[in-house]
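Numbering (this note's numbering), first residue to last: 259 to 656. First up is the structure itself, then whatever we jot down about it.
What follows is the structure, given as structure tokens:
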């Protein structure tokens, strides 16, 4: 039994550290709040590279994953300390993330492309796309980072700043499926009525969702008051054929590493403008409660654009894809995409539980939580998304 087994996904991974390989962290510097015995600032003490990390194959034979505890000596695990692993050889993986039981931290990583050289250090965004605290999956949530799509890699090095308890590095190989390189079929998603706003949606089956990884019964929302726009902060240089692999890897991270009941977002839009079903219910007309916007999941739909938009400009195809989903959902519930609406928070890091705040009907994740999501340039494009959504709804009424 390993920490990647499905039967363990809701248990604290850190309690199993003794049964799994661990990567040592060594101090680069200790912050001012560190103990007297902390290592002084200066060049890193090199850690001895370990044998290659081997991922645990998935039972379907398509890919694999590994959850690796990161350990540090107590005298250097100080608040503000900068800790780093050695360069570590691994089996092939394509997505990574770091989670921990408690505390706050900042994570940077660098990876080695398969058969290539080590890349630059990259900061991994903090995990802010979360289930509500009053849900079962919210009670199981671990702190940590968003999943980072690194592309096919066979080496990793991790740097951790802060004071966190029992951090775990997750490596995911989503595997390859011959269907990934083919354009997904309609899967019955073509609208039956001429004026229907339902867009073409590529199904969960099209990207290879393993339904046995999902748990519990999806909970419907009674109404949709808002559409929350996100980005996945996973990088922008992916190809069309990479998208199913990225979705499988995010799904694995959400369900088996974080312990959620399903992938958090209701829908995904890739950089080519294609729309993909996310959480269960998205294949059909059911509007299920997601795990994407802490405190505001109960009356909303979450759309995540695959990529990072803090510095990259979203293409017109991306804006059109988001607007297609938003128009479909908002017309169904008779919401005005150009308006604002009062909504009650269930408790976020910006608004306490019970607070009623007035927010745009189509908003960015940062409007509800303390995060940069959906990236400044996608956030700046929200007015255009609202206009595109309103125009689609208006045309459908002619």
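Note that CB positions come from ideal geometry on N, CA and C, so glycine has one too. It should be emphasised that the depicted structure is a prediction, and the values quoted were computed from it without experimental measurement.
According to DSSP, is residue i part of a helix, a strand, or is it coil?
{"i": "residue 380", "result": "strand"}
{"i": "residue 624", "result": "helix"}
{"i": "residue 326", "result": "strand"}
{"i": "residue 568", "result": "coil"}
{"i": "residue 645", "result": "helix"}
{"i": "residue 360", "result": "strand"}
{"i": "residue 640", "result": "helix"}
{"i": "residue 560", "result": "strand"}
{"i": "residue 397", "result": "helix"}
{"i": "residue 411", "result": "strand"}
{"i": "residue 365", "result": "strand"}
{"i": "residue 282", "result": "strand"}
{"i": "residue 436", "result": "helix"}
{"i": "residue 350", "result": "strand"}
{"i": "residue 650", "result": "helix"}
{"i": "residue 341", "result": "strand"}
{"i": "residue 635", "result": "helix"}
{"i": "residue 294", "result": "In this predicted model, residue 294 has a pLDDT of only 34, less than 50, meaning its place in the structure is not dependable; the value taken from the coordinates is given anyway. In the structure shown, residue 294 sits in coil (DSSP, three-state: anything other than H, G, I, E or B)."}
{"i": "residue 422", "result": "strand"}
{"i": "residue 370", "result": "strand"}
{"i": "residue 389", "result": "coil"}
{"i": "residue 311", "result": "strand"}
{"i": "residue 404", "result": "coil"}
{"i": "residue 598", "result": "strand"}
{"i": "residue 546", "result": "strand"}
{"i": "residue 355", "result": "strand"}
{"i": "residue 630", "result": "coil"}
Applying the 10 Å Cβ sphere with the 16-neighbour rule, what's the burial state of residue i?
{"i": "residue 465", "result": "buried"}
{"i": "residue 593", "result": "buried"}
{"i": "residue 469", "result": "exposed"}
{"i": "residue 459", "result": "buried"}
{"i": "residue 405", "result": "buried"}
{"i": "residue 483", "result": "buried"}
{"i": "residue 651", "result": "buried"}
{"i": "residue 621", "result": "buried"}
{"i": "residue 643", "result": "buried"}
{"i": "residue 298", "result": "Per-residue confidence for residue 298 stands at a pLDDT of 40, beneath the threshold of 50, marking its modelled position as unreliable; no derived number is given."}
{"i": "residue 614", "result": "exposed"}
{"i": "residue 339", "result": "buried"}
{"i": "residue 318", "result": "exposed"}
{"i": "residue 419", "result": "buried"}
{"i": "residue 285", "result": "buried"}
{"i": "residue 492", "result": "buried"}
{"i": "residue 616", "result": "exposed"}
{"i": "residue 348", "result": "buried"}
{"i": "residue 414", "result": "buried"}
{"i": "residue 612", "result": "exposed"}
{"i": "residue 510", "result": "buried"}
{"i": "residue 327", "result": "buried"}
State the start and end residues of the unbroken alpha helix (DSSP H) segment that holds residue i.
{"i": "residue 580", "result": "574-590"}
Over the uninterrupted beta strand (DSSP E) stretch that includes residue i, give me the two end residues.
{"i": "residue 607", "result": "From DSSP, residue 607 is part of no beta strand (DSSP E); its letter is neither H nor E."}
{"i": "residue 535", "result": "533-535"}
{"i": "residue 526", "result": "525-527"}
{"i": "residue 429", "result": "426-431"}
{"i": "residue 616", "result": "614-618"}
Does residue i get closer than 8 Å to chain B when you measure Cβ to Cβ?
{"i": "residue 524", "result": "The structure shown contains no chain B, having only a single protein chain."}
Which complete beta strand (DSSP E) runs does the stretch 459-522 hold, if anything under 3 residues is left out? 484-489
Flag this pair as touching only if the stretch 385-402 and the stretch 452-468 have three or more C-beta atom pairs under 8 Å; answer yes or no. no
At least 3 beta-carbon pairs within less than 8 Å: the stretch 368-381 vs the stretch 308-316: no
Quick check: the stretch 621-634 against the stretch 565-573, are there 3 or more CB pairs under 8 Å? yes
Is it true that the stretch 548-564 meets the stretch 523-533, where meeting means three or more beta-carbon pairs spaced less than 8 Å apart? yes
Is the stretch 502-521 touching the stretch 475-492 in the sense that three or more CB pairs, one from each, lie closer than 8 Å? yes
For the 8 Å Cβ check, are there 3 or more pairs between the stretch 353-373 and the stretch 402-417? yes
Contact between the stretch 344-361 and the stretch 418-427 (3+ Cβ pairs under 8 Å): yes
Take every Cβ of the stretch 598-614, pair it with every Cβ of the stretch 531-548, and state whether three or more of those distances are shorter than 8 Å. no
Are there three or more Cβ pairs, one per stretch, closer than 8 Å when the stretch 497-517 is compared with the stretch 342-355? yes
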